[in-house]
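Visitor: Each residue of the sequence shown is one higher than the one before, starting from 185 at the first, in my numbering.
Even glycine gets a Cβ: it sits at the ideal position worked out from N, Cα and C.
One structure is given below, represented as structure tokens, and several questions about it will come after.
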Amino acid sequence: MHNRRQFLRLGGLATAASLWPFGRLSASTDGDCTLIPSETAGPFPLDLSENEFYFRQDVREDRDGVQLNLKLRITGTDNCEPMSNVRVNIWHCDKDGNYSGYGSETGLTYLRGYQIADENGEVEFITIFPGWYPGRTCHIHFQVYVNSSYAAISQLTWEQDIKNELYAEHADIYTAGTDPVSPGSDGIFADGYAFQTATLTPNTDTGGYDAFLELSVQGSGTATGYLEMEAAKRFDLGQNFPNPADDFTSIPFTLLQEADVTLEVYALNGSRLFNSTTSHYQTGSHTINLKRTDGPFPSGNHILQLRVRTNGKDHTAFRMMYWK
Numbered sequence: 185m186h187n188r189r190q191f192l193r194l195g196g197l198a199t200a201a202s203l204w205p206f207g208r209l210s211a212s213t214d215g216d217c218t219l220i221p222s223e224t225a226g227p228f229p230l231d232l233s234e235n236e237f238y239f240r241q242d243v244r245e246d247r248d249g250v251q252l253n254l255k256l257r258i259t260g261t262d263n264c265e266p267m268s269n270v271r272v273n274i275w276h277c278d279k280d281g282n283y284s285g286y287g288s289e290t291g292l293t294y295l296r297g298y299q300i301a302d303e304n305g306e307v308e309f310i311t312i313f314p315g316w317y318p319g320r321t322c323h324i325h326f327q328v329y330v331n332s333s334y335a336a337i338s339q340l341t342w343e344q345d346i347k348n349e350l351y352a353e354h355a356d357i358y359t360a361g362t363d364p365v366s367p368g369s370d371g372i373f374a375d376g377y378a379f380q381t382a383t384l385t386p387n388t389d390t391g392g393y394d395a396f397l398e399l400s401v402q403g404s405g406t407a408t409g410y411l412e413m414e415a416a417k418r419f420d421l422g423q424n425f426p427n428p429a430d431d432f433t434s435i436p437f438t439l440l441q442e443a444d445v446t447l448e449v450y451a452l453n454g455s456r457l458f459n460s461t462t463s464h465y466q467t468g469s470h471t472i473n474l475k476r477t478d479g480p481f482p483s484g485n486h487i488l489q490l491r492v493r494t495n496g497k498d499h500t501a502f503r504m505m506y507w508k
């Protein structure tokens, strides 16, 4: 029996597109997308893919702070098109400058999580506005994991006056006061931070803020994204059709060698909604049909994962789909 942890090692959380009305902030000039500057992962990266608790949209846990709805849009530098089905990790400190998993916070998991980019190249998180600690300006770490050979690691921040206005307005929460270090005086952003500066807009519904950043990584934006290299040696998972689906959809795949195949469907909160009976397939092209009644499948985005077992080893690939 395959459990949720096995899915989470290569999977992620998909969210419905355009939950919040953000403006566009693009790292592009004259139609050319600019590669996001690479920054240190910091002393607190942890391996987000190894723990099932990180598969989530809401990363706050018990942390106090002003709610921050964070959206990232990922595009490819080759054609400026959305990068779908790439995994995006985020992690940052709490309002007091502490990171989970280290020092006195060992064993804790707050303010860390990952998702999978949807067809628009977008991921969304619910978190808190981070605090700051000596020597660094306020920031959020992120990693865009494209495939086994390439992952972009960087950081985002905000303009000095904007973030300090938030700290001053919520001084009862952010008791350390305003941030004395501006992005321009932070050595990590010494090479410039224009493409790493997120927007910050009040959200009247939550009483918090919305933040948005568009960034580009190496590669070409595609409709189906990238396959894990090891999985690609054994099978190819296509996009389901129709997508969006109403009552019925088909999932195409091609096996390069005969294998036992299982289809799994996951909800946004990481719970498995469907697990097909494992069937043996020969080399070649195949299709698995999925009905709405096989669910429950509520309206919205879901993760389809195909699990292929060959020579005693499991290999997986995933795709986003949308039920109307």
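#1: With respect to the alpha helix (DSSP H) encompassing Tyr351, which residues constitute its N-terminal and C-terminal limits?
#2: Between the stretch 278–297 and the stretch 240–258, do three or more beta carbon pairs fall short of 8 Å?
#3: Determine the burial state of Asp248: buried for a count of at least 16 other Cβ atoms within 10 Å of its Cβ, exposed for fewer.
#4: Using three-state DSSP, classify Gly195 as helix, strand or coil.
#5: Taking Cβ to Cβ, would you say Gln344 is nearer than 7 Å to Ser369?
#6: Taking Arg320 as part of the beta strand (DSSP E), name the residues at either end of that continuous run.
#7: Once you ignore the five residues that flank Val307 on each side, which residues in its own chain have a CB closer than 6 Å to its CB?
#8: Taking 7 Å as the limit between beta carbons, can you name the residues of its chain near Ala335, skipping five residues before and five after?
#9: I need the DSSP call for Arg271, collapsed to helix, strand or coil.
#10: In the DSSP assignment, find the unbroken beta strand (DSSP E) run with Ser284 in it and report its ends.
#11: What are the boundary residues of the beta strand (DSSP E) that includes Pro426?
#12: When you compare the stretch 467–476 with the stretch 491–504, are there three or more beta-carbon pairs, one atom per stretch, that lie closer than 8 Å?
#13: In terms of alpha-carbon separation, which member of Gly305, Asn427, Gly361, Ile312 lies closest to Tyr283?
#14: Excluding the five sequence neighbours on either side, which residues of its own chain have a C-beta within less than 8 Å of the C-beta of Glu289, listed in chain order?
#15: When you compare the CB positions of Phe437 and Leu447, do they come within less than 7 Å of one another, or not?
#16: Between which two residues does the beta strand (DSSP E) containing Ala395 stretch?
#17: To the nearest angstrom, how far is the alpha carbon of Asn401 from that of Gln339?
#18: Just to confirm, are His486 and Val449 a CB contact at a threshold of 7 Å?
#19: Let me know the secondary structure DSSP gives Leu219 once reduced to three states.
#20: In chain order, what residues of the same chain have a beta carbon less than 8 Å from the beta carbon of Arg418, not counting five sequence neighbours either side?
#21: If you draw a straight line from the alpha carbon of Thr261 to that of Cys217, how long is it in whole angstroms?
#22: What does the Cβ neighbour count give for Pro314, buried or exposed, with the cut at 16 atoms within 10 Å?
#23: Does Glu259 pass the burial test, meaning 16 or more other C-beta atoms within 10 Å, or should it be called exposed?
#24: Identify, in the order they occur along the chain, each residue of the same chain with its Cβ nearer than 8 Å to the Cβ of Asn348, setting aside the five sequence neighbours on each side.
#25: Go ahead and label Phe432 buried or exposed: buried means 16 or more other beta carbons lie within 10 angstroms of its beta carbon, across all protein chains shown.
#26: Which residues share a DSSP beta bridge with Gln441?
#27: Taking the straight line between their C-alpha atoms, what separation do you get for Glu265 and Thr462?
#28: When the Cα atoms are used, what is the spatial distance from Gly285 to Pro480?
#29: Would you identify the three-state DSSP class for Tyr238, choosing helix, strand or coil?
#30: Cutting at 7 Å between CB atoms, please list the residues of its own chain near Tyr465, excluding the five before and the five after it.
#31: Which one or two residues does DSSP pair with Phe458 in a beta bridge?
#32: Quick one: what's Tyr298 bridged to in DSSP?
Guide: Looking at the coordinates:
#1: It spans 344–353 - the alpha helix (DSSP H) in which Tyr351 sits, taken as one unbroken run.
#2: The stretch 278–297 vs the stretch 240–258: in contact.
#3: Asp248 comes out exposed.
#4: Any reading at Gly195 is ruled out, since the residue's pLDDT is 34, under 50, leaving its predicted position unreliable.
#5: Against a cut-off of 7 Å, the Cβ pair of Ser369 and Gln344 comes out as no contact.
#6: Where Arg320 is concerned, there is no enclosing beta strand (DSSP E), given that its DSSP letter is neither H nor E.
#7: Result list for Val307: Leu256, Val272, Gln299, Ala301, in chain order.
#8: Counting only residues of its own chain and dropping the five nearest sequence neighbours on each side, Ala335 has a CB closer than 7 Å to the CB of Gln327, Val328, Tyr329.
#9: In the structure shown, Arg271 adopts extended strand secondary structure according to DSSP, grouped into three states.
#10: Unbroken run through Ser284: none, as it is neither H nor E.
#11: Neither: Pro426 is in no beta strand (DSSP E) and is coded neither H nor E.
#12: Contact annotation: the stretch 467–476 does not touch the stretch 491–504, with fewer than three C-beta pairs closer than 8 Å.
#13: The shortest Cα separation from Tyr283 among Gly305, Asn427, Gly361, Ile312 belongs to Ile312.
#14: Hits under 8 Å: Asn282, Tyr283.
#15: Not a contact, by the Cβ cut-off of 7 Å.
#16: From DSSP, the beta strand (DSSP E) with Ala395 extends over 393–401.
#17: The sequence shown places Val at residue 401, rather than the Asn named in the question. One C-alpha to the other measures close to 13 Å.
#18: Yes; because the gap between Cβ atoms is below 7 Å, this pair is in contact.
#19: Assignment of Leu219 by DSSP, reduced to helix, strand and coil, places it in the strand class.
#20: Contacts found: Leu439, Leu440, Gln441, Ala443, Val492, Thr494, His499.
#21: Taking the CA atoms as reference points, Thr261 sits about 5 Å from Cys217.
#22: Classification for Pro314: buried.
#23: The amino acid at residue 259 is misidentified as Glu; the sequence shows Thr. Thr259 comes out buried.
#24: The residues are Thr362, Asp363.
#25: The C-beta of Phe432 has fewer than 16 other C-beta atoms within 10 Å across all chains shown, which makes the residue exposed.
#26: Looking at the DSSP output, Gln441 bridges to nothing.
#27: Each residue's alpha carbon lies about 36 Å from the other.
#28: Between Gly285 and Pro480, the C-alpha separation is close to 36 Å.
#29: Correct three-state label for Tyr238: helix.
#30: Cβ contact annotation for Tyr465 (same chain, cutoff 7 Å, sequence separation greater than five): Leu439, Glu442, Ala443, Val445, in chain order.
#31: Looking at the DSSP output, Phe458 sits in a beta bridge with Val449.
#32: According to DSSP, Tyr298 bridges with Phe239, Asn273.
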